[in-house]
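Numbering of the sequence shown is given in the working numbering, commencing with residue 1 and proceeding in unit increments. Okay, structure first, notes after.
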Amino acid sequence: MKIFKKPKTFFWTNHAKAKMRFYGLSEQRVKRVIHTPKRIEQGIAPKTVAMLQTAGSKKHPYEIWVMIQDKKDKRKIISTWKYPGITKAGEPLPEGILMEMQDADLC
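Spelled out as structure tokens, the structure:
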């Protein structure tokens with residue numbers, strides 16, 4: 001018999017909600033990235049993880065990124081963004097995104 005764990009509740013920061021509005025991302029789309037990421041990398045803020053999925057067309061690809069922080073009983077969604085193009089694995093985030101997150105005091 002398989003024992004299922006209680007799912008963690010999502011906690012959305014105001015920054016993440018603002019970015020979702022800016023990039024036109026829904027809650028369900030962000031949850032889908034978290035549930036089935038194409039790649040997982042270490043986040044730039046302490047104790048965070050960044051997940052991504054590719055989207056778009058072959059001619060105009062982009063990536064949807066989600067930065068989360070896991071707590072004991074909840075999963076905090078810190079930020080979401082779209083990156084035009086495809087990044088290489090292990091490549092650092094672009095300076096523009098880093099500056100934006102530092103301005104919002106997220107890292």
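Where a beta carbon is used, it is the ideal one built from N, C-alpha and C, also for glycine.
**Request:** Buried or exposed for I68, please, with buried defined as at least 16 other CB atoms from any protein chain shown within 10 angstroms of its CB.
**Result:** In the sequence shown, counting from the first residue as 1, residue 68 sits at position 68. Answer is buried; the Cβ neighbour count reaches 16.
**Asked** Where do the ends of the alpha helix (DSSP H) carrying I34 lie?
**Response** What you label residue 34 is simply residue 34 of the sequence shown in a count that begins at 1. Per DSSP, the unbroken alpha helix (DSSP H) holding I34 starts and ends at 27-35.
**Asked** Can you tell which of T36, G56, M51, H35 has its C-alpha closest to the C-alpha of Q42?
**Response** Counting from one through the sequence shown, the residue named residue 42 turns up at place 42. Checking every option, the nearest Cα to that of Q42 belongs to M51.
**Asked** Who pairs with A16 in a beta bridge, going by DSSP?
**Response** Locating residue 16 in the sequence shown gives position 16, where the first residue counts as 1. Paired residues: none, contrary to the question.
**Request:** Could you tell me whether the Cβ atoms of T13 and I78 are closer together than 8 angstroms?
**Result:** For this step, residue 13 is matched to residue 13 along the sequence shown. For this step, residue 78 is matched to residue 78 along the sequence shown. Closer than 8 angstroms, so yes.
**Asked** Going by DSSP, which residues form a beta bridge with A45?
**Response** Position 45 of the sequence shown, counted from the start, is the residue given in the question as residue 45. Partner residues in a beta bridge of A45, as assigned by DSSP, do not exist.
**Asked** I think Y23 touches K76, with their Cβ atoms under 8 angstroms apart; what is that distance to the nearest whole Å?
**Response** Walking along the sequence shown from the start, residue 23 turns up at place 23. Walking along the sequence shown from the start, residue 76 turns up at place 76. About 19 angstroms separates the two Cβ atoms, so there is no contact after all.
**Prompt:** A16 and T80 look like a contact to me (Cβ under 8 angstroms); what is the Cβ gap, rounded to whole Å?
**Reply:** By 1-based counting over the sequence shown, the position of residue 16 is 16. By 1-based counting over the sequence shown, the position of residue 80 is 80. Contact flag correct, Cβ pair sits at about 5 angstroms.
**Request:** In the DSSP assignment, find the unbroken beta strand (DSSP E) run with S57 in it and report its ends.
**Result:** Position 57 of the sequence shown, counting from 1, holds the residue named residue 57. Counting along the chain, S57 falls outside any beta strand (DSSP E), and DSSP gives it neither H nor E.
**Message:** Considering only the alpha carbon of each residue, which of K58, H60, M99, F10 lies closest to V32?
**Reply:** The residue labelled residue 32 in the question sits at position 32 within the sequence shown. Here residue 32 turns out to be Arg, not Val, going by the sequence shown. Residue F10 is the option with its Cα nearest to R32.
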